[in-house]
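Those protein sequence lines, which keep their order, are chains C and A.
Per our numbering, the first sequence starts with residue 1, numbered consecutively.
Per our numbering, the second sequence starts with residue 1001, numbered consecutively.
Every residue, glycine too, gets a C-beta built ideally from N, C-alpha and C.
Number of protein chains: 2
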Amino acid sequence: MVVNKFLIKAMNIETGGILIALLTESDAQKLDLNIGDRVLIKKGRKEITAILDIAKSSRTLAKGKVGLFQEALKHLNAKSTDQVSIHFAGKPKSLQYIKEKLHGKQLSGKELHQIIDDITNDRLTDIEKTAFVMGGYMNGFSVKETVAMTKAMVETGEQLKFNGIVLDKHCIGGVPNNRTTMIVGPIIAAAGLIMPKTSSRAITSPAGTADTMECLARVELPKNKIEKVIKKCGVALVHGGSVNLAPADDKIIEIERPLAIDAEGQLLASVMAKKHSVGAKIVLIDIPMGPSTKAKNRSDANKLKKKFVMLGKALGIKVKVIVTDGSQPIGNGVGPLLEAKDVITILKNEDHAPTDLKEKSLKMAGILLELSKKVKKGKGYHRAKYLLESGLAWQKMQEIIKMQGPQKMPSLGKYSFNVKAHRKGKVKAIDNLTIAKLARTCGAPFDKGTGLFIYKKKKDKVEEGEILFTLYAESKDKLNLAKKILIDQEAYLIK
Amino acid sequence: MVVNKFLIKAMNIETGGILIALLTESDAQKLDLNIGDRVLIKKGRKEITAILDIAKSSRTLAKGKVGLFQEALKHLNAKSTDQVSIHFAGKPKSLQYIKEKLHGKQLSGKELHQIIDDITNDRLTDIEKTAFVMGGYMNGFSVKETVAMTKAMVETGEQLKFNGIVLDKHCIGGVPNNRTTMIVGPIIAAAGLIMPKTSSRAITSPAGTADTMECLARVELPKNKIEKVIKKCGVALVHGGSVNLAPADDKIIEIERPLAIDAEGQLLASVMAKKHSVGAKIVLIDIPMGPSTKAKNRSDANKLKKKFVMLGKALGIKVKVIVTDGSQPIGNGVGPLLEAKDVITILKNEDHAPTDLKEKSLKMAGILLELSKKVKKGKGYHRAKYLLESGLAWQKMQEIIKMQGPQKMPSLGKYSFNVKAHRKGKVKAIDNLTIAKLARTCGAPFDKGTGLFIYKKKKDKVEEGEILFTLYAESKDKLNLAKKILIDQEAYLIK
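This is the structure:
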């Protein structure tokens, strides 16, 4: 009988996700474990599944010890002196279901729950998670599967509950900036309504609401703190991932991010799971339509709209969908800090505030006010405009920032480059994808102060040599990589 | 200007594949690098791309040092005192092509070459490689794409060259045991022909030829040693991965293995790349047909046959395809050691040698002898039988083992369990998938002595309580996991 007791050694190495455990070769052999095996590590009643790496020197790890990387240590809630036992973990059940999805099978609620549960508890490797995401991306999910996946995401996470009518909003993305949440939220709050908005970080874009808000305030708050902010202010502007609202969603996003893909069924489940987790009963969905967005045309947009409404119905949520112009960036900044600055100029009613972002936000806030029945039909926009221009929304925003914990604004990228018009003419089109790619290559969303600032929009007249936009980066390498993109790709069409 | 000089610290940690580099938080910040970033590490003119983990304590890593995990150190051909520079590496070009493949685009030869080159040089993460494998698995590869991928695999690896007519064979798998190569090879060698067979390790099966041969001799040989063995013996029985023949193939298999999938285009390219790399001009392909194999029926088999012949033509290789019975295991053992034992009993002409495996091998060797024109049409089988039963093939095998480097035979799994017939009757069917799953759960192919031994085949009469097969494992845990499978799944149909 092999004695199965190991002392933990904290390896002090962060992987950014995957849970890694380390054994010496001889200990692994004794336990009949191989490199790359999935192992179950038990500390009392707590357990995690980790991937096994092998220590090749006793200086790295002594016999009788198990090295845990940072994430594994954290998930096990353990410290260096703790004792654990280690076991071979068979392949997780969900692997079979993932394979069936790859083969085009429609998965049952139970099967999807198992997959989502295994993702939530880090029982799947990157390869296996990617296979699931690809199965969904390429074979699609039915409405029934999407409902099941949404429920599973909600059930495997924490949930928030509020009294009264709970509103929420969401944009499916594809348009740089378009930071409406940070304007609509304060307006709704100023109207005395509840909108427990939780946001994701960027997937394919240069910034998500969470990344942007993080330039102004902390967005990774514990559950009880978020509840406090919402109860006090009506609105919180936080990252959903940090409070375990539908945590599987964020783990799936980690897979999608490096591939810069967004699977439709996954998208629907992702959006609605967050809304369901916070108890929203009225949800406004913004579907921007344009050549670079998920909805290329009216027919795409309507199909997606229908699915959102159906999914809402299945979950007991009233969903209103608007299809908006997604043919160019909305706002001027692209990148967390630059977008945060746009938001502030609007909330503070400054002269140079971008009008497109302001008008869109007012329209959306108006719809929500009407849906809540707080304002009469047809009067929403005007009420929203009053709440913004009176300064009440800005006051709310300051209150929210104060409660979430103000952050020192990051500084703008040290290195910049002006991109100029090659010819005189009129801006006919702006390529959102190139704009996003440029901003991401500059370092967004990770380097907060990077991205670009847009001076010219569609229909604007330009002279030859006039600045169209300015790139900002934190390193010369990244700025140069962005400049290289401009050799092959045109961000602007001028005619 | 940031000084970019780092001393290597060997972390002595093996991951089993992925290249990991470690920096302190402050050094990463100075270089403007984030956790999970792809970094270029340069030592003189040598460079690798690695994934960045972060050290959270100075005991783990001091400032000014870069920690390299075992595989990164090996690829960079570096040691602890070496100095390197570290740079942000943009996303590899092939990522864009992978995304296009996901969207169903047919990739050009140049694009596939880029992907295969990035895979060969470890520039892609598990997530990205999985996305590529999934794109091919779900959207398929055209013949043109497969030809390009095959060529790219050959070009990004080493190649072997021999004088004279070079033969080769391959079975596309799906049938437990079926270890014909280790019998056909020695027969062909005894006939004085050249068959520079290189084999893969198991993907979805409990053992590959490389895993099995490794019970008898070393299979990881350097290129010059393999050439020596072939020049001396006519045949080598080695693992292709160790000599960099089409190394991308093995890296793709590492992705397929945990998912237990085999993509068709990938399969075709994988097989033909190995053959092309060793300069084979005549290749015999065995397509087993059965409910659990890739060819479920005659039409599947013929489609695949046609593709192999077309791909052969494009590569200048004469391809002969046979469709064989794949409805049950061929041979008695399942698992590396147990299969190696079957092979030896046949080569030594022992009484209890499995006749199905022997006959199939003779038939295949006969075809190859005829294709080589060494033996007249219609006389191949008889010549092969003579070479086997005279002991000449066994003599060749001993010669090959001696040159490759004999290995001490592993011992049989310590723990065993007899699976008995529930009722009297006749064996109507054996489920290959359940047999393979049982053997893999017992520990095959990693624990060499594990798997199962089959006593009863299709059409055999059995009494109630008679032993059908015996499971062998190295740990009680794994044996118990295998026994659990038997509760839900029937390996035998007895009527």
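Helix, strand or coil at residue i according to DSSP, with G and I counted as helix
i: A:I1041; result: strand
i: A:K1223; result: helix
i: C:I255; result: helix
i: A:F1308; result: helix
i: C:G109; result: helix
i: A:A1429; result: strand
i: A:H1382; result: helix
i: A:H1075; result: helix
i: C:P206; result: coil
i: C:A260; result: coil
i: A:M1289; result: strand
i: A:M1001; result: Here A:M1001 scores only 42 on pLDDT, less than 50, and its place in the model is too uncertain to base an answer on.
i: A:I1188; result: helix
i: A:T1120; result: helix
i: C:V175; result: coil
Contacting residues, own chain, Cβ-Cβ under 7 Å from residue i (five flanking each side not counted)
i: A:G1140; result: E1264 and G1265
i: A:L1362; result: Y1381, A1384, K1385 and L1388
i: C:S416; result: T470, L471 and Y472
i: A:L1112; result: E1145, A1148, M1149 and A1152
i: A:I1420; result: First, the amino acid is wrong: residue 1420 of chain A is Lys here, not Ile. So the list reads G1465, E1466, I1467 and L1468, once near-sequence residues are dropped.
i: C:V319; result: V283, I285, F308, V309 and G312
i: C:P410; result: C215, L337, K448 and G449
i: A:R1201; result: G1208, A1210, D1211, H1239 and P1445
i: A:V1427; result: K1456, K1457, K1458, K1459, D1460, V1462, Y1492 and I1494
Local Cβ density within 10 Å of residue i, reported as buried at 16 or more and exposed below that
i: C:I487; result: exposed
i: A:G1192; result: exposed
i: C:L479; result: buried
i: A:S1205; result: buried
i: C:M1; result: Because the pLDDT of C:M1 is 43, which lies under 50, any placement of that residue in the model is unreliable, and the number read from its coordinates should be weighed accordingly. Exposed.
i: C:N178; result: buried
i: A:T1293; result: buried
i: C:H103; result: exposed
i: A:H1276; result: buried
i: A:L1357; result: buried
Delimiting residues of the beta strand (DSSP E) encompassing residue i
i: A:G1135; result: From DSSP, A:G1135 is part of no beta strand (DSSP E) but of the alpha helix (DSSP H) over D1126 to N1139.
i: A:K1420; result: Y1415 to K1420
i: A:G1366; result: Premise fails: A:G1366 lies in the alpha helix (DSSP H), T1355 to L1371, not in any beta strand (DSSP E).
i: A:Y1097; result: No beta strand (DSSP E) contains A:Y1097, which is instead part of the alpha helix (DSSP H) from S1094 to L1102.
i: C:V84; result: Q83 to F88
i: A:E1145; result: A:E1145 -> not in any beta strand (DSSP E); alpha helix (DSSP H) instead, spanning V1143 to E1155.
Contact list for residue i against chain C, beta-carbon separation under 9 Å
i: A:G1192; result: Correct list: empty, because the minimum Cβ distance to chain C is about 41 Å.
i: A:L1102; result: M134, Y137, M138, L259 and I261
Residue i: contacting residues in chain C (beta-carbon distance under 8 Å)
i: A:K1056; result: N12, I13, E14 and Q70
i: A:R1059; result: N12
i: A:I1496; result: The structure shown does not extend to residue 1496 of chain A, since chain A is modelled only from 1001 through 1495, so no value can be given for it.
Contact set between residue i and chain C, taken where Cβ atoms lie within less than 7 Å
i: A:G1036; result: G16
i: A:I1255; result: I127
Residue range of the unbroken alpha helix (DSSP H) whose run includes residue i
i: A:K1274; result: E1264 to S1277
i: A:V1243; result: It is not in any alpha helix (DSSP H) - A:V1243 carries neither H nor E in the DSSP assignment.
i: C:D27; result: E25 to K30
i: A:K1318; result: Counting along the chain, A:K1318 falls outside any alpha helix (DSSP H), though it belongs to the beta strand (DSSP E) covering K1318 to D1325.
i: A:E1399; result: L1392 to Q1404
i: A:I1018; result: Unbroken run through A:I1018: none, as it is neither H nor E.
Close beta carbons around residue i, own chain, < 6 Å, minus the five adjacent residues each side
i: C:P92; result: D118 and R123
i: A:W1394; result: L1347 and K1348
i: C:K223; result: E158 and V243
i: A:G1496; result: The structure shown has nothing for residue 1496 of chain A, since chain A only spans 1001 to 1495.
i: A:A1439; result: P1206, V1334, G1335, G1451 and L1452
Own chain partners of residue i with C-beta closer than 8 Å, once the 5 adjacent residues on each side are dropped
i: C:L368; result: L167, K169, V184, I188, L193, M195, I282, L284 and G380
i: C:T324; result: D286, I287, P288, M289 and K360
i: A:K1483; result: F1417 and L1471
Beta-carbon neighbours of residue i, restricted to chain A and to distances below 8 Å
i: C:T130; result: D1126, I1127, T1130, A1131 and M1134
Chain A residues whose Cβ lies nearer than 7 Å to that of residue i
i: C:F446; result: N1034
Within chain A, partners of residue i - CB distance below 9 Å
i: C:L481; result: F1088 and G1090
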